[in-house]
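*Asks:*
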Amino acid sequence: MERASGVLMHITSLPNRYGIGSFGEIAYKFVDFLTETKQTYWQILPLTTTSYGDSPYQSFSAFAGNTHLIDLDQLIADGLLVEDDVESLAEGNNLDTIDYAKVFRERRPVLEKAVKAFIDQGKKQSKDYQDFLTTENEWLQPFVEYMSIKENFALKAWYEWPDEYKFYNTDIVNAYLADHPFLADYHRITQFLFYKQWLRLKQYANDHHIQIIGDMPIYVSADSVEMWRTPEMFKVDENLNPIDVSGCPPDAFTSEGQYWGNPIYDWEYMAENNYSWWIKRIKASLNLYDVVRIDHFRGFESYWAIPFGSPTAAYGRWEKGPDYALFEAIHKALGDVNIIAEDLGFMTDEVIELREKTGFPGMKILQFGFSNDPENTDLPHYYTENTIAYVGTHDNETAEGWYMDSADSNQQKQADNYLHRHPGESISYAMNRGIAESVSHLAIYQMQDLLHLDNRARMNIPSTIGNNWKWRMRTDAITPFIKNELLYLTETYYRMNNKMN
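Have a look at this one:
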């Protein structure tokens, strides 16, 4: 990996007139911004569907795309909608938060109009649509079945369905789809539109020498097609209830640990099947992204297993994961793959050994460095080249928020001195400069920090629900001053995209 930099900015955070970011014109302009400032990477969060809590890390499918991201203006341009169809969704460009309830409620009727037009115009017979159905059938058909039946039961999770649907039965499912043909078409066609629009945007980015870093959660949701259709991949009992669920042990930040609740994989079953599902998942992710960041990498070495129904994560225990055998199988099937290991959290010598054996770069978080501990390896003078440097990720406070809301006076003083912060210089710029000048091959700046925003722009507070994933950038946020600051960092610390003229 050459010395480079990029920006972390999720699609939902882009501005437009429809209440949530999309694959539309503003996304292309964001690529232009990255090009103008000589960046090499655009990092985004998972593009998969979202459910309760609006988290992109809790999805109905490991493969299906989030239809909220489909750009409505492109559907108008394609003749599937007219301007009057989108009036109810059109909002002021400067809304800086997402109203997910409104998006959920009002986008569906509009997309249904587009799907009806798609059908009426005979586009179901088009070669690109038929090719999509053939190529993606292995995950698409189960997803269509799952979402169609889920809607019949008021969107309840599969484990709350009557037994004849809860326990998968081909005849019953086929009969249901036959009785609801438009519903099945809706889910097929919206996935086609999602993939078509995203891959067009990705191609534009690649043509402008911008690579996409995408995020892949290690776990799938309990409310997912994978749990419904392939429960054998998970540790479940005879009633398909999870035996153990995921989380993190208690630490300095929380005495109860983190209770995520995702089902735990049956790694023995996965090994017996040569990790075929994981190979398919990585291959699919590399079709969507140029580089895949795997969330919670340490869970492949050992994972925190919490007995299902425990009151807190503190009741969990460490269990051995697949370790290097998984990545050996992936390498054998796919060759060298571009993966970033999200190696944050409770690290052990065994996890470090696994990361080193794979050769994947790990992550460094500058915010974590200022603990007045001289051996804190999140301080840049400890960084190595094969790392990705961040001030913070989507799970952290913004730089301004950390400094003002969380850092004590000693931490503030250490940060100011360590970063040689100049009088009048913002802490966000000083911290961005701190990772820019590090030896890490790649520095990723969070967009909120480039914009010098406080914690009102924070993306996520882990282990909380209800007020996350909502931040949106204002239309006029990227000023010439912001561009010049980023370009200065890029050129001064030799992180220019060498493929650009």
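In the working numbering, each number is its position in the sequence shown, counted from 1, plus 901. Heads up, the beta-carbon is just placed ideally off N, CA and C, and yes, glycines get one too.
(1) Any chance the CB of A1018 is under 7 Å from a heavy atom of the ligand NAD?
(2) Mind checking who T949 pairs with in its DSSP beta bridge?
(3) What is the DSSP secondary structure of F1269, counted as helix, strand or coil?
(4) Name the residue from E1139, I1195, D1237 and G1293 whose alpha carbon lies nearest to the alpha carbon of L1354.
(5) Could you pull out every residue in the same chain whose Cβ sits closer than 6 Å to the Cβ of R1322, ignoring the five residues on either side in sequence?
(6) Across which residues does DSSP place E1220 in a beta bridge pair?
(7) Can you tell me which of D1138, K1371 and I1180 puts its alpha carbon nearest to the alpha carbon of I1165?
(8) Please specify which runs of the beta strand (DSSP E), each continuous and at least 3 residues long, are wholly inside the region 1300-1372, giving them in chain order.
(9) So what's D1196 in DSSP terms, helix, strand or just coil?
(10) Check whether the Cβ atoms of H1081 and S1125 lie closer than 8 Å to each other.
(11) Of the choices Y1346, T1376 and K1184, whose alpha-carbon is the least far from that of L1388?
(12) Going along the chain, which residues of its own chain have a beta-carbon closer than 6 Å to the beta-carbon of G1263, five neighbours each way excluded?
(13) In chain order, what residues of the same chain have a beta carbon less than 7 Å from the beta carbon of A1378, not counting five sequence neighbours either side?
(14) Hey, how far is the Cα of I999 from the Cα of E1173?
(15) I think F961 touches S952, with their Cβ atoms under 8 Å apart; what is that distance to the nearest whole Å?
(16) Decide if H1342 is buried, meaning its Cβ has at least 16 other Cβ atoms within 10 Å, or exposed.
(17) Alpha carbon to alpha carbon, how far is R1218 from T1155?
(18) Helix, strand or coil, according to DSSP, for M1264 in the structure here?
(19) Between D979 and G920, what straight-line distance do the alpha-carbon atoms span, to the nearest angstrom?
(20) Could you pull out every residue in the same chain whose Cβ sits closer than 8 Å to the Cβ of N1368, ignoring the five residues on either side in sequence?
(21) How far does the beta strand (DSSP E) with A1290 in it reach, from first residue to last?
(22) My understanding is that N1356 touches E1298, with C-beta atoms under 8 Å, so please give their C-beta distance in whole angstroms.
(23) May I have a chain-ordered list of the beta strand (DSSP E) segments no shorter than 3 residues that lie completely inside the region 1156-1189?
(24) Look up D1116 in the DSSP assignment and say whether it is helix, strand or coil.
(25) Can you give the Cα-Cα distance for F1382 and A1106, rounded to whole angstroms?
(26) If the criterion is Cβ atoms closer than 8 Å, does the pair Q1268 and Q1098 meet it?
(27) Can you round the beta-carbon distance between S906 and R1396 to whole angstroms, since I take them to be within the 8 Å contact cut?
(28) Is the separation between the beta-carbon of I971 and that of S923 shorter than 8 Å?
(29) Between the region 1067-1079 and the region 983-991, can you find at least three pairs of beta-carbon atoms closer than 8 Å?
(30) Can you check whether the CB of I1266 is closer than 8 Å to the CB of Y1291?
*Replies:* In brief:
(1) Within the structure as shown, the ligand NAD is missing, as the structure has no ligands at all.
(2) Against the sequence shown, residue 949 aligns to sequence position 48. In DSSP, T949 forms a bridge with G966.
(3) As a working mapping, residue 1269 is identified with position 368 in the sequence shown. Correct three-state label for F1269: helix.
(4) Locating residue 1354 in the sequence shown gives position 453, where the first residue counts as 1. Cα-wise, what sits closest to L1354 is G1293.
(5) Numbered from its first residue, the sequence shown carries residue 1322 at position 421. Around R1322: A1331.
(6) If you number the sequence shown from 1, residue 1220 lands on position 319. Its beta-bridge partners are Y1204.
(7) Here residue 1165 refers to the residue found at position 264 of the sequence shown. Measuring from the Cα of I1165, the nearest candidate turns out to be D1138.
(8) 1343-1347
(9) Looking up residue 1196 in the sequence shown gives position 295. Residue state, collapsed to three classes: coil.
(10) Residue mapping note: residue 1081 aligns to position 180 of the sequence shown, counting from 1. Residue mapping note: residue 1125 aligns to position 224 of the sequence shown, counting from 1. Not a contact, by the Cβ cut-off of 8 Å.
(11) Counting from 1 along the sequence shown, the entry for residue 1388 is found at position 487. That would be Y1346, whose Cα lies nearest to the Cα of L1388.
(12) In the sequence shown, the residue the question calls residue 1263 occupies position 362. So the list reads A1242, D1244, R1256 and T1288, once near-sequence residues are dropped.
(13) The residue given as residue 1378 occupies position 477 in the sequence shown. Once the five neighbours on either side are set aside, the close Cβ partners of A1378 are L1352.
(14) Position 98 of the sequence shown, counting from 1, holds the residue named residue 999. Position 272 of the sequence shown, counting from 1, holds the residue named residue 1173. Approximately 44 Å between the Cα atoms of the pair.
(15) Locating residue 961 in the sequence shown gives position 60, counting from the first residue. Locating residue 952 in the sequence shown gives position 51, counting from the first residue. Yes, F961 and S952 are in contact; Cβ-Cβ is about 6 Å, under 8 Å.
(16) Position 441 of the sequence shown, counted from the first residue, corresponds to residue 1342. H1342 should be labelled buried.
(17) Here the question's residue 1218 lines up with position 317 in the sequence shown. Here the question's residue 1155 lines up with position 254 in the sequence shown. Their backbone Cα atoms lie some 16 Å apart in a straight line.
(18) Walking along the sequence shown from the start, residue 1264 turns up at place 363. Strand.
(19) Numbered from its first residue, the sequence shown carries residue 979 at position 78. Numbered from its first residue, the sequence shown carries residue 920 at position 19. Roughly 21 Å between the two C-alpha positions.
(20) For this step, residue 1368 is matched to residue 467 along the sequence shown. I1362, listed in sequence order.
(21) Numbered from its first residue, the sequence shown carries residue 1290 at position 389. A1290 -> beta strand (DSSP E) spans T1288 to Y1291.
(22) By 1-based counting over the sequence shown, the position of residue 1356 is 455. By 1-based counting over the sequence shown, the position of residue 1298 is 397. At roughly 5 Å, the Cβ-Cβ gap stays under 8 Å, so N1356 and E1298 are in contact.
(23) 1159-1164
(24) As a position in the sequence shown, residue 1116 is number 215, starting the count at 1. Three-state DSSP puts D1116 in a strand.
(25) As a first step, residue 1382 must be located in the sequence shown, where it is residue number 481. As a first step, residue 1106 must be located in the sequence shown, where it is residue number 205. In a straight line, the C-alpha of F1382 is about 23 Å away from that of A1106.
(26) Along the sequence shown, read from residue 1 onward, the residue named residue 1268 stands at position 367. Along the sequence shown, read from residue 1 onward, the residue named residue 1098 stands at position 197. For Q1268 and Q1098, no; Cβs fall outside 8 Å.
(27) Along the sequence shown, one-based indexing puts residue 906 at 5. Along the sequence shown, one-based indexing puts residue 1396 at 495. So it is a contact: roughly 4 Å between Cβ atoms.
(28) Working through the sequence shown from its first residue, we reach residue 971 at position 70. Working through the sequence shown from its first residue, we reach residue 923 at position 22. Yes, the pair counts as a contact, with Cβ atoms nearer than the cut-off.
(29) no
(30) For this step, residue 1291 is matched to residue 390 along the sequence shown. For this step, residue 1266 is matched to residue 365 along the sequence shown. Taking 8 Å as the Cβ cut-off, Y1291 and I1266 qualify as a contacting pair.
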